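Residue numbers (the working numbering): 1123 to 1226.
Here is the structure:
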């Protein structure tokens, strides 16, 4: 049976190194934001964002220099059904698209 990895370890061991390798420096908070609450009045500067049904947090948002969200990365433990993560991510990017010129 495959080893189960927590969401935290997935981030630290899999996602963070890949983002850094691709040139997304995690300490550059103008370009990369991690675990920002997705509240309706202040979702990364996107007015009107509604996080329902998850009422949660986007794990990583990657930004263009002009402040638009370029990409969203959702981290999950390895035992999570990938379809759940895909549905959550699809919802987030669809909501973000409503407030900028393109879908991340």
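All residues carry an ideal CB built from backbone N, CA and C; glycine is no exception.
As the structure is a computational prediction, the values presented were derived from the model and not from experiment.
Rounded Cβ spacing between residue i and residue j (contact assumed at less than 8 Å)
i, j, result
"residue 1199", "residue 1192", "Contact flag wrong, Cβ pair sits at about 25 Å."
"residue 1190", "residue 1222", "5 Å"
Residues bridged to residue i [DSSP beta-bridge criterion]
i, result
"residue 1193", "1184"
"residue 1155", "1183"
Beta-carbon spacing of residue i, residue j below 8 Å
i, j, result
"residue 1137", "residue 1197", "yes"
"residue 1148", "residue 1142", "yes"
"residue 1205", "residue 1184", "no"
"residue 1214", "residue 1195", "no"
Three-state secondary structure (DSSP) of residue i
i, result
"residue 1137", "helix"
"residue 1205", "helix"
"residue 1125", "coil"
"residue 1148", "coil"
"residue 1200", "coil"
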